[in-house]
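Residue numbers (the UniProt record's numbering): 1 to 540. Each residue gets a CB set at the ideal place from its N, CA and C atoms; glycine is no exception. So the structure is just underneath, and the comments pick up after that.
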Amino acid sequence: MSRETFAKRLNSAMSLRHMKQIDVVRAAQRKGLKLGKSHISQYVSGKTVPRIETLRFLAATLNVSDQWLHGDDVPMERGSDTDSKHDSFAPTSPANEFVTTEPSAAESLSSPVFDDRPRTETHPTTPSITISEGHPMRRFTKSTKLDNVLYDVRGPVVDEAARMEATGTHVLKLNIGNPAPFGFRTPDEVIYDMAHQLPDCEGYSASKGLFSARKAIMQYSQLKNLPNVSIDDIYTGNGVSELINLSMSALLDNGDEVLIPSPDYPLWTACVNLAGGTAVHYLCDEQSEWYPDIDDMRAKITDKTKAIVVINPNNPTGALYPKEVLQQIVDLAREHQLMIFSDEIYDRLVMDGLQHISIASMAPDLFCVTFSGLSKSHMIAGYRVGWMVLSGNKNIAKDYIEGINMLTNMRICSNVPAQSIVQTALGGHQSVNDYIVPGGRIYEQRDYIYNALNAIPGVTAVKPKAAFYIFPKLDVKKFNITDDEQFALDLLHDERILITRGGGFNWHEPDHFRIVYLPRIEVLKDATTKLTDFLSYYRQ
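So this is what it looks like as structure tokens:
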């Protein structure tokens with residue numbers, strides 16, 4: 001059976017049943033089948049065909065014959081004897097074209113066949129298991145707490161890229177901020193010091209971290225003017241990611257609200273939802289250098305709001321917030337007695353002679369939690385070393401701090417060898433400074449990608465001031481784009497370029513995507529040339 005025949009029949013059945021792609025995805029979720037929008041998009045476009053269990057689910061959902069959907073010359077409607085028996089689709093059938101179809105990485109994790117009839121299942125290494133009448137096999141589904149969790153930086157499009165790579169296709173990955181694959185090296189003295197300290201890092205550290213690491217972080221916090229910080233207010237973590245999850249879990253009860261920027265780094269939204277809270281997104285304004293819209297932030301505060309999250313410098317936009325914008329956020333938090341969480345992992349990657357200001361330094365009377373680490377500034381993302389600092393008015397958060405301490409103790413401690421190099425990394429020459437000035441790699445790559453993207457008809461972008469991301473906008477009318485995940489998949493299939501869609505950062509329109517500009521200029525030039533060619537003909 002050809003892909004075109006399957007796609008034609010699938011589209012016909014969906015139209016007949018008045019079902020959209022999202023309706024099929026939701027039906028799959030209710031059944032516990034891992035089937036995303038990207039998979040359905042590929043099926044209806046004729047780019048791939050599903051595995052047999054997925055085909056049976058689609059047929060059952062659309063109330064059509066399995067064999068008809070498979071492409072056989074049978075009536076479309078269900079009800080024939082052959083529909084109740086699946087022998088015609090058995091893997092041993094030489095005519096079974098679905099069996100030879102390469103499944104996507106995500107599909108290979110799909111739940112078993114949705115056939116609850118009594119049956120005997122045989123394993124080559126185990127005895128037969130008979131499921132008695134009225135007792136279907138138990139299915140294990142993911143927690144409903146994951147229903148509102150999204151992390152498309154490593155999501156369905158990445159799964160498809162992995163499938164393509166497994167077949168020998170080279171994919172240029174512009175989707176994740178991982179410096180090492182693009183030739184950024186860890187400073188030599190950091191590796192040297194870790195190697196010499198390894199014999200002393202075999203045991204657990206204190207739950208908050210090594211004294212030497214926390215002392216260095218405390219001194220760094222003092223240089224950033226964070227108020228009322230002692231060494232007991234410093235917590236090391238396996239990257240900032242672990243600490244974000246920990247801090248939200250310690251704070252939120254069901255229904256509590258946290259204001260989070262849109263676009264955001266999606267882990268923030270995910271961790272709020274996992275903790276039982278509700279992520280409420282305030283808009284950042286592209287027309288104003290991607291600064292937070294204070295009026296929108298104010299309008300979304302309710303009596304359930306507990307905190308405001310600030311990502312500065314921002315991922316995915318590369319924006320750097322000036323003092324006057326930070327002051328407005330502080331004033332709003334003060335007025336409504338809110339906590340402030342500030343994600344500052346890119347605070348040492350600021351360009352154009354600008355200076356990063358920690359919002360906690362402006363709020364000595366509020367309770368603030370500030371996050372940072374070495375993954376980006378010292379090009380050691382794989383070491384997994386980050387920290388959070390409690391500052392300001394800690395008296396109003398004593399009970400919350402007890403919760404943080406409890407969760408910190410429960411995870412024992414963070415990676416001790418990685419902690420051992422914090423003092424070295426934060427002291428002495430900061431090699432990252434060489435990258436962010438004219439002539440430096442990040443600075444020059446930032447300038448190139450900004451100019452190249454804005455030269456493409458139908459694409460505009462705000463110039464980043466920090467980090468190594470840019471968040472360009474697409475003219476959705478010109479390209480007829482209604483689904484940004486489909487755009488990312490089509491770009492991947494046609495040009496072998498992997499980007500992250502704007503929706504992956506909780507952006508509300510299908511008109512943006514993020515590019516990581518860590519590759520050297522010659523690689524970025526090739527990528528933007530391909531993107532230009534792609535957009536010259538692309539219409540969704």
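Short of 7 Å from the beta carbon of V516, and not among the five residues preceding or following it, lie these beta carbons of its own chain, in chain order: L174, N175, I176, G177, F468, Y469. Counted as a single uninterrupted DSSP element, the alpha helix (DSSP H) harbouring L492 occupies residues 484-495. When the Cα atoms are used, P261 and V171 turn out to be separated by approximately 30 Å.
CA-to-CA, the gap between Y346 and D365 works out to about 25 Å.
Contact check for M388 and S247: beta-carbon distance about 7 Å, within the 8 Å limit, so the pair qualifies. In the same chain as T528, and ignoring 5 residues on each side of it, the C-beta atoms closer than 6 Å to its own belong to A452, in chain order. A Cβ-Cβ contact shorter than 8 Å links L274 with K145. Following the DSSP letters along the chain, one finds R539 in no alpha helix (DSSP H), marked with neither H nor E.
Spanning the alpha carbons of I521 and T236 requires a straight line of approximately 35 Å. Around the C-beta of R185, fewer than 16 other C-beta atoms lie within 10 Å, and the residue is accordingly described as exposed. Distance check between L338 and each of N480, D533, A363, M410 places A363 closest, using alpha-carbon atoms only. For H18, no alpha helix (DSSP H) encloses it, and the DSSP letter there is neither H nor E. Excluding residues up to 5 positions away in sequence, R348, S377 lie with their Cβ nearer than 8 Å to the Cβ of Q430 in the same chain. The shortest CA-to-CA distance from I311 to any of A360, Y192, M410 is the one to A360.
The three-state reading of DSSP puts T61 in helix, counting H, G and I together. Counting the other CB atoms within 10 Å of its CB gives I404 a total of 16 or more, which places it among the buried residues.
Annotated as proximal: V422 and V385, with beta-carbon spacing under 8 Å.
Listed in chain order, the non-local C-beta contacts of I396 below 6 Å within the same chain comprise F367, local neighbours out to five positions each way being set aside.
Per DSSP, M406 has no beta-bridge partner at all. Look at K37 here: in three-state DSSP terms it is helix.
Closest in C-alpha terms to V280, from the list D343, E202, T269, comes T269. Rounded to the nearest angstrom, the gap between the Cα atoms of K304 and A333 is 14 Å. Looking at the DSSP output, T529 sits in no beta bridge, so it has no partner there. Looking only at I401, E286, I308, Y538, the smallest Cα-Cα distance to T460 is reached by E286.
For V476, no pairing in a beta bridge is given by DSSP. Counting only residues of its own chain and dropping the five nearest sequence neighbours on each side, Y383 has a CB closer than 6 Å to the CB of A418.
Counted as a single uninterrupted DSSP element, the alpha helix (DSSP H) harbouring C271 occupies residues 266-274. With 16 or more neighbouring CB atoms inside 10 Å of its own CB, R214 falls in the buried class.
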